[in-house]
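Below is one structure; the comments refer to it alone.
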Amino acid sequence: MKERVNHIAKYEPAVRAFVEGTFDGDRVLDASARPDQDFPLAGLLLGVKDIINVDQIPTRCGSVLPAHLFEGQQASCVTRLLNAGAIMAGKTVTAEFAVSDPGPSRNPRNLGHTPGGSSSGSAAAVAAGFCDIALGTQTSGSVIRPAGYCGTFGYKPSFGRVALDGVLPYSKSMDHIGLLAKDMHTLAASLPVLVTDWQNTNDGARNKPVIGVPMGSYLDLAKPHIRAQFEASARRLEGAGCELKPITLCEEISIHNDNHDLIANAELYQVHKGWFDEYRDVYKPKSRAMLEFGRSVSEKTLSDSLKQAKKVQLWMQQLMAEHALDAWIAPVAPDLAPEGFATTGDFRMNAIWSYTGLPVVTFPTGTDVRNLPYSVQIIGRFGQDEALLNISRFFHQVIGVGELPLAWSSDVSGLGK
Numbered sequence: 010m011k012e013r014v015n016h017i018a019k020y021e022p023a024v025r026a027f028v029e030g031t032f033d034g035d036r037v038l039d040a041s042a043r044p045d046q047d048f049p050l051a052g053l054l055l056g057v058k059d060i061i062n063v064d065q066i067p068t069r070c071g072s073v074l075p076a077h078l079f080e081g082q083q084a085s086c087v088t089r090l091l092n093a094g095a096i097m098a099g100k101t102v103t104a105e106f107a108v109s110d111p112g113p114s115r116n117p118r119n120l121g122h123t124p125g126g127s128s129s130g131s132a133a134a135v136a137a138g139f140c141d142i143a144l145g146t147q148t149s150g151s152v153i154r155p156a157g158y159c160g161t162f163g164y165k166p167s168f169g170r171v172a173l174d175g176v177l178p179y180s181k182s183m184d185h186i187g188l189l190a191k192d193m194h195t196l197a198a199s200l201p202v203l204v205t206d207w208q209n210t211n212d213g214a215r216n217k218p219v220i221g222v223p224m225g226s227y228l229d230l231a232k233p234h235i236r237a238q239f240e241a242s243a244r245r246l247e248g249a250g251c252e253l254k255p256i257t258l259c260e261e262i263s264i265h266n267d268n269h270d271l272i273a274n275a276e277l278y279q280v281h282k283g284w285f286d287e288y289r290d291v292y293k294p295k296s297r298a299m300l301e302f303g304r305s306v307s308e309k310t311l312s313d314s315l316k317q318a319k320k321v322q323l324w325m326q327q328l329m330a331e332h333a334l335d336a337w338i339a340p341v342a343p344d345l346a347p348e349g350f351a352t353t354g355d356f357r358m359n360a361i362w363s364y365t366g367l368p369v370v371t372f373p374t375g376t377d378v379r380n381l382p383y384s385v386q387i388i389g390r391f392g393q394d395e396a397l398l399n400i401s402r403f404f405h406q407v408i409g410v411g412e413l414p415l416a417w418s419s420d421v422s423g424l425g426k
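Here's what the structure looks like:
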C-alpha cells in the first residue's frame with residue numbers, strides 16, 4: 010500500500026481527482042495495516058463523489074457555498090462499502106452540485122482532455138489507479154459518460170436499487186447513485202454489497218442473448234468514427250453467437266432528452282430555492298443558468314412532464330419485452346472525451362437510460378491515437394441488474410480490452426499542460 014500511496018502523491022497534482030485536503034496517505038496506510046480478509050472488499054481504496062456525505066469529511070459539492078448547508082448523516086451507500094472492507098481514500102471532485110460547471114480534474118489517459126462529468130474525480134481517480142472503486146451519481150449521464158471517457162468500468166443501477174440517502178439531490182425523479190471500478194472482477198464483487206436485495210443468479214448468462222441496437226435519431230448522434238468502432242464491436246458479438254436486432258428507438262431522441270432536462274432542472278431548483286436568492290452570485294454560471302431555467306417551470310408543466318416520463322418508462326419496458334431483448338448496446342457518447350476543460354461532455358446518448366431508469370454497465374473497447382478510450386454501454390431490463398452484470402461480463406470477454414495505458418506511460422502524456 011505504501012507504493013500505492015506514493016503513486017497517488019506523485020500523480021495527483023497532475024490529475025486533481027481528489028478534493029483538496031481529503032486524501033490522507035497516513036490514514037490510508039493505517040487502515041490498510043489491519044485488513045480483514047474475510048470482507049468482500051478488503052483493502053480496496055474507495056473514492057466518494059463530493060455530493061455524498063462521509064463522516065468527518067465536509068461535503069462541499071464543488072461549490073463555495075457554506076459547507077454547513079450540506080451537512081448530514083453518512084450515506085448508507087458509503088457505509089455499506091466501508092463495512093465490507095473498503096478503505097476511504099478521499100472525496101472526489103464533482104462539477105458544482107453535479108450540474109455542468111467543470112471541476113479541476115484531468116483525464117488520466119490524456120491530461121489535455123476532460124474526464125467528463127459530473128463524476129469527474131471519481132472516474133479520474135479509478136482510471137489513474139488512485140482508487141479501486143469510486144461512488145458517483147448520475148442524473149443524465151454523469152457516471153457512464155466519465156467512466157467511458159476515462160476507460161474505466163461503470164455501473165448505473167435501475168432507478169431505486171441503490172438508496173439515495175446522504176446525497177445532495179439534483180433531481181429526485183432522475184438521480185441514481187452509481188459505481189466506477191478498475192475492472193470487471195472488482196465491479197462484480199462490489200455490486201452485491203452496494204445494491205439493495207442483490208440476488209446472485211445465472212440469469213442473462215445464456216449462450217445467445219438478444220441485443221437491441223438503437224437505430225434512428227439516437228444512433229445518428231454518434232460521430233462517424235464512434236459509430237464505426239461501435240459497429241465493429243457489435244459484429245464481434247454477433248460472431249460470438251449473440252442475436253443483434255436493429256430497432257428504431259424513437260422518432261426524435263431530443264424530445265425525450267428535453268423532457269428529461271426540464272424535469273431535472275425544475276427539481277434542481279426545488280432543492281436550491283432556499284439558498285438561491287441569498288447566494289445567487291456565487292453559483293457558477295452553468296449552475297445558475299439551470300436554476301434560472303428550473304425556476305421558470307410551472308408546477309403544472311412539471312407535473313405533465315413527470316406523467317409523460319412515466320409513460321416513456323413503461324413504453325421502454327414494453328419495447329424490450331415485445332422484441333425479447335435481453336439488453337441494448339450503444340456507444341457511451343457521440344464522441345470521445347473533448348479536448349480542454351470548458352465542458353464535461355455530451356450527455357445526449359446517456360439521458361434516455363436515466364429517464365427510463367434502466368440499469369447500465371460500461372467498459373472500454375479500445376483507444377484512438379491520442380490514447381482516448383472508446384467504450385460501449387450495455388443497458389438491461391428494468392430491475393434486472395443481476396442479469397445485466399452477467400451479460401456485460403460475457404460481452405467484455407468478447408469485445409472488451411485489458412489494461413489501458415496512462416498518460417504518463419504513453420506518448421501523449423499531457424504532463425505540464
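Position 208 (the sequence shown) corresponds to 217 in the numbering used here; numbering is contiguous.
C-beta atoms are modelled at their ideal positions from N, C-alpha and C, and glycine is treated no differently.
- Nearest C-alpha to GLN147 among ASP206, PRO113, GLY163, SER199: GLY163.
- Just so you know, the alpha carbons of LEU38 and GLY125 end up roughly 30 Å apart.
- As the crow flies, the alpha-carbon of MET325 is around 38 Å from that of GLY94.
- Within the model, the alpha-carbon separation for GLU105 versus GLY81 is close to 18 Å.
- Looking at ILE17, VAL321, ALA198, THR123, the one whose alpha-carbon comes closest to that of ALA360 is VAL321.
- Rounded to the nearest angstrom, the Cβ distance from LEU189 to THR161 is 5 Å, consistent with a contact under 8 Å.
- Within a 10 Å sphere around the beta-carbon of THR205 sit fewer than 16 other beta-carbons, which makes this residue exposed.
- Annotation for HIS185: the continuous beta strand (DSSP E) segment containing it runs 185 to 190.
- A residue is called buried when at least 16 other Cβ atoms come within 10 angstroms of its Cβ; ASN274 meets this threshold and is buried.
- Taking every protein chain shown into account, the CB of ILE264 has fewer than 16 other CB atoms within 10 angstroms, so this residue is exposed.
- Proximity to HIS234 across PRO340, LEU200, LEU144 peaks at PRO340, based on C-alpha coordinates.
- Shown here for TYR383: same chain residues with a beta carbon closer than 6 Å to its own, the five before and five after excluded, namely GLN238, THR374, GLY375 in chain order.
- The beta carbon of LEU334 sits closer than 6 Å to the beta carbons of VAL219, GLY221 from its chain, once the five residues preceding and following it are set aside; these are given in chain order.
- Scanning GLY213, LEU345, LEU54, ALA197 for the CA closest to the CA of LEU381 turns up LEU345.
- In the structure shown, the three-state DSSP call for GLN147 is strand.
- Counted as a single uninterrupted DSSP element, the stretch harbouring SER128 is not any alpha helix (DSSP H), since DSSP gives it neither H nor E.
- The Cβ-Cβ distance between ARG402 and LEU367 does not fall below 9 Å.
- Boundaries of the alpha helix (DSSP H) harbouring MET325: 308 to 331, taken from the DSSP string.
- Under the three-state reduction of DSSP, ILE408 is assigned to helix.
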